[in-house]
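*Asks:* The structure follows.
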């Protein structure tokens, strides 16, 4: 089973077309929507986890690209300001995927962006405000 | 009379000559375990400690210099954060937890508290300019009613960090028994025992290494915000008579420190404004204390490890007032504890990584001879009744020293 968390951007002209449903119907993939921002006739944004057989996954991705959907890994939109982070660990209380976790016994707070689901719970939990989520900000700007 | 006796003067002389043996509190654990307190006291002169965490009872006295014509500033704001002006004409106190005057607070819960007194202190220490606004009611000697100016820390004639309560000796581990998430000064607590938050650096924490404050008082020189500062008094809520373990370590919140230091010498890395969601603004501050090993009793105390210190697990949802259980810092650091049959993840709010960095920095300063011990002129109030010294069993087990 292959699985990835992706940010999908739907250009204005295809935002009203049924697309994700075809990933299930024609490619046998399953998905879990983590976040969506869709308005009629405006660029749409979807964060989802896509799962399935590796080959089906790659065919599905190709289908999305052919349809005009822009795809980027979620990690690109989320980062940690290493200057600001002072390695306390407060964020690990709310991180649902374990992307933010503590290496023991050193007690270093690690951030694995590949495991991040962009839920943004850490952003306001971090006392130093070191977590930066930018992918949906670009959209609204 | 113990087997080892050293004075502050003797240790300072060694520091001056570059001969003092300095180790961090983390390193001392192994030394005392291996060699025993008597031998450790012969070999080690100073043990360095550290802590870096939100410390709400912090702030700074600032004098911004007289204007022309002069003003008696009774209301003052720094970057829109209200400061206290009820002092002489251009003196003020800015507190770490004061939010900006137009902060929406908790009107939409949980509030985010983006900017407050702690952030002002960080901006000043970073060398950034800060907008100062003041109002006066006008007097014959201070006719001016208003002033607005941009200041940097270098412009200010006087700026002293003066914190009435820092470096708590032990603190609760916080959990939430209720059905909804709560946002506290102990961080976000998920419902039904979702997580357990704690906030000390454990075996590296200053007051865990001198549980009876034998070396702490007015004049003890310390690492404060990246500079040299001083302990000036016991902190507010200082409670030396809290229940203690046989090794002398309090089982819950006990001693506290009032500390002071020149803000102008501090570094932004160690004076950091923080926002605690749903609670408010604060200041995360680096504090480190060198503990002189005056005798084997001090070696014994500084040899304390996370296994030897405990705290109380408390419910922060007002569901149950009594502590739920007692846990050791070794358990807290392992990543999970069991409370009422449920295993829950532990979450530190105090940075162990930064605490260790402070202990190492202080060690480096002392080894280089740029930092010497300050002998306290007036010790903090300590526990009434006798101290638990070194247990007989510990002394006996090291009576025949191994030949390594």
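Residue numbers (our numbering), protein chains in the order written: chain A, 62 to 202; chain B, 10 to 413. For glycine and all other residues, C-beta sits at the position ideal for the given N, C-alpha and C. Given the structure is predicted, the values throughout are model-derived calculations rather than measurements.
Would you mind sorting residue 177 of chain B into buried or exposed? The rule is 16 or more other CB atoms within 10 Å of its CB.
*Replies:* buried
*Asks:* Which residues in chain A have a C-beta closer than 7 Å to the C-beta of residue 330 of chain B? List them in chain order.
*Replies:* The contacting residues do not exist; residue 330 of chain B stays about 23 Å from chain A at best.
*Asks:* Would DSSP call residue 128 of chain B helix, strand or coil?
*Replies:* helix
*Asks:* Against chain B, which members of the region 148-173 of chain A pass a CB distance test of less than 8 Å?
*Replies:* Those residues of the region 148-173 of chain A that come within reach of chain B (Cβ to Cβ, closer than 8 Å) are 148, 149, 150, 151, 153, 154, 155, 163, 165, 166, 167, 168, 169 and 170.
*Asks:* Between which two residues does the beta strand (DSSP E) harbouring residue 63 of chain B extend?
*Replies:* 60-63
*Asks:* Starting from residue 20 of chain B, follow the beta strand (DSSP E) in both directions and report where the run begins and ends.
*Replies:* Segment 17-25 is the alpha helix (DSSP H) holding residue 20 of chain B; no beta strand (DSSP E) there.
*Asks:* With a floor of 4 residues, list each alpha helix (DSSP H) that falls wholly inside the region 110-136 of chain A, ordered by position along the chain.
*Replies:* Every alpha helix (DSSP H) stretch that sits fully inside the region 110-136 of chain A and reaches 4 residues is listed by chain position as 115-128.
*Asks:* For a quick check, are the C-beta atoms of residue 35 of chain B and residue 213 of chain B less than 7 Å apart?
*Replies:* Contact flag set, yes.
*Asks:* Name the DSSP beta bridge partners of residue 86 of chain B, please?
*Replies:* Answer is B/91 and B/142.
*Asks:* On a CA-only basis, which of B/218, B/287 and B/54 is nearest residue 185 of chain A? Give me that one, please.
*Replies:* B/287
*Asks:* Which whole-angstrom value is the C-beta distance of residue 87 of chain B and residue 156 of chain B, which I expect to be below 8 Å?
*Replies:* The Cβ separation is near 13 Å, so there is no contact.
*Asks:* Taking beta-carbon pairs under 7 Å, can you tell me which members of the region 181-192 of chain A lie near chain B?
*Replies:* 185, 186, 188, 189 and 190
*Asks:* Contact criterion: CB-CB distance below 7 Å. Does residue 439 of chain B meet it with respect to chain A?
*Replies:* Nothing in the structure corresponds to residue 439 of chain B, since chain B is present only between 10 and 413.
*Asks:* Give me the Cα-Cα distance between residue 245 of chain B and residue 174 of chain B, rounded to the nearest whole angstrom.
*Replies:* 5 Å
*Asks:* Consult DSSP for residue 275 of chain B and reduce its assignment to one of helix, strand or coil.
*Replies:* coil
*Asks:* Using the rule of at least 16 other Cβ atoms within 10 Å of the residue's Cβ for burial, across every protein chain shown, is residue 385 of chain B buried or exposed?
*Replies:* buried
*Asks:* Can you look up residue 68 of chain A in the DSSP assignment and give me helix, strand or coil?
*Replies:* strand
*Asks:* Please list, in chain order, all residues of the same chain as residue 343 of chain B whose beta carbon is under 8 Å from its beta carbon, the five residues on each side excluded.
*Replies:* 355
*Asks:* What residue does the alpha helix (DSSP H) around residue 316 of chain B start on, and which one ends it?
*Replies:* No alpha helix (DSSP H) contains residue 316 of chain B, which DSSP labels as neither H nor E.
*Asks:* Tell me where the alpha helix (DSSP H) around residue 183 of chain A begins and ends.
*Replies:* 182-186
*Asks:* With a threshold of 16 other CB atoms inside 10 Å of the CB of residue 263 of chain B, please say whether the residue is buried or exposed.
*Replies:* buried
*Asks:* If I'm right that residue 125 of chain A touches residue 69 of chain A with Cβ under 8 Å, what's the distance once you round it to whole angstroms?
*Replies:* 7 Å
*Asks:* Return the residues of the region 105-124 of chain B that lie within a Cβ-Cβ distance of less than 8 Å from chain A, sorted by chain order.
*Replies:* 119, 121 and 123
*Asks:* Can you pull the chain A residues whose beta carbon is under 7 Å from the beta carbon of residue 197 of chain B, in chain order?
*Replies:* 154, 155 and 186
*Asks:* Give me the chain A residues within the contact set of residue 344 of chain B, using Cβ-Cβ distance strictly less than 8 Å, ordered along the chain.
*Replies:* 163 and 165
*Asks:* Is the distance from the Cβ of residue 80 of chain B to the Cβ of residue 151 of chain B below 7 Å?
*Replies:* Yes; because the gap between Cβ atoms is below 7 Å, this pair is in contact.
*Asks:* Near residue 312 of chain B, what residues of its chain come up, given a Cβ to Cβ distance below 8 Å and the 5 sequence neighbours on each side ignored?
*Replies:* 37, 38, 40, 41, 42, 46 and 49
*Asks:* I need the straight-line Cα distance from residue 254 of chain B to residue 265 of chain B, nearest angstrom please.
*Replies:* 18 Å
*Asks:* Starting from the C-beta of residue 314 of chain B, find all residues in its chain whose C-beta is less than 7 Å away, skip the five residues before and the five after it, and write them out in chain order.
*Replies:* 38 and 212
*Asks:* Which whole-angstrom value describes the C-beta separation of residue 360 of chain B and residue 106 of chain B, a residue pair presumed to lie in contact below a C-beta threshold of 8 Å?
*Replies:* Residue 360 of chain B to residue 106 of chain B, Cβ: 19 Å. No contact.
*Asks:* Could you tell me how far apart the beta carbons of residue 204 of chain B and residue 154 of chain A are, in whole angstroms, since I believe they sit closer than 8 Å?
*Replies:* 5 Å
*Asks:* Mind the definition here: the region 380-396 of chain B touches the region 163-182 of chain A only if three or more C-beta pairs lie below 8 Å; say whether that holds.
*Replies:* no
*Asks:* Taking the C-alpha atoms as reference points, what is the distance between residue 117 of chain B and residue 289 of chain B?
*Replies:* 13 Å
*Asks:* For residue 366 of chain B and residue 112 of chain A, what's the separation of their Cα atoms in angstroms?
*Replies:* 43 Å
*Asks:* Would the beta-carbon of residue 370 of chain B fall within 7 Å of that of residue 272 of chain B?
*Replies:* Contact: no.
*Asks:* Can you pull the DSSP bridge partners for residue 294 of chain B?
*Replies:* B/62 and B/280
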